[in-house]
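Novice: Under my numbering, the residues of the sequence shown are numbered 25 to 181, in order.
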Amino acid sequence: MPAVTITPADLEAIVPGIPEAKANAMIEDALAMAELVAPCIASDDLTDAKAKAAKAILRGAILRWHEAGQGGVSQQTALGFSQTMDTRQTRRGMFWPSEIEQLQKLCSAGEDDGKAWAYDTLGTSGVRHADICAVNFGALYCSCGAVLTGMAPLWED
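#1: Whose CA, out of Tyr-165, Trp-120 and Glu-91, lies closest to the CA of Thr-111?
#2: Excluding the five sequence neighbours on either side, which residues of its own chain have a C-beta within less than 7 Å of the C-beta of Ala-54, listed in chain order?
#3: In this structure, what does DSSP give as the bridge partners for Gln-110?
#4: Rounding to the nearest angstrom, what Cα-Cα distance links Met-25 and Asn-48 in this structure?
#5: Using the C-alpha atoms, what's the distance from Pro-63 back to Leu-172?
#6: For the alpha helix (DSSP H) that contains Val-61, what are its first and last residues?
#7: Near Ile-38, what residues of its chain come up, given a Cβ to Cβ distance below 8 Å and the 5 sequence neighbours on each side ignored?
#8: What is the DSSP secondary structure of Ala-161, reduced to helix, strand or coil?
Next comes the structure, spelled out in structure tokens:
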């Protein structure tokens, strides 16, 4: 059983009257989509705090999906002018980009992801060509390789 579980009762507390079959289908779909972007939520190794956070994110997405399409369209016309108000909510994707980011952070928070890093302590003040570089003799090309390194000559120093 996955670490993150949502039941129809969790949704019923916020949206009374949601049909149980609909709630189960929405929960199943949301968990499947969430596992694609954050595979760790299916793991039993997830801490309780992270599981609760994932549950909150998923519950918000499911409830937004449940409310999608509700609202209405009203139109007013006066003389030659008209105004249309559309308060319907359309469903574009299961999760907002911010929710995807939050789910992914749950899987990597507090862990070293092993990526290389470096600090540039030297800084650059521009490209320094060698004395015998073609640029110093009026050419439109660099023969010392300083353009490649971004600061100092690579050849002919």
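Glycine included, C-beta positions come from ideal geometry on N, C-alpha and C.
Specialist: Answer, in terms of the structure:
#1: Glu-91
#2: Leu-82, Ala-85, Ile-86 and Met-118
#3: A small fix is needed here, since residue 110 is Asp in this sequence, not Gln. Note: Asp-110 sits in a beta bridge opposite Val-97.
#4: Only weak support is given to the placement of Met-25: the predicted model assigns it a pLDDT of 45, under 50, and the value that follows is read from those uncertain coordinates. Going from the Cα of Met-25 to the Cα of Asn-48 covers about 16 Å.
#5: 41 Å
#6: 44–61
#7: Arg-83 and Leu-87
#8: Checking the sequence shown, residue 161 turns out to be Phe, not Ala. It is helical.
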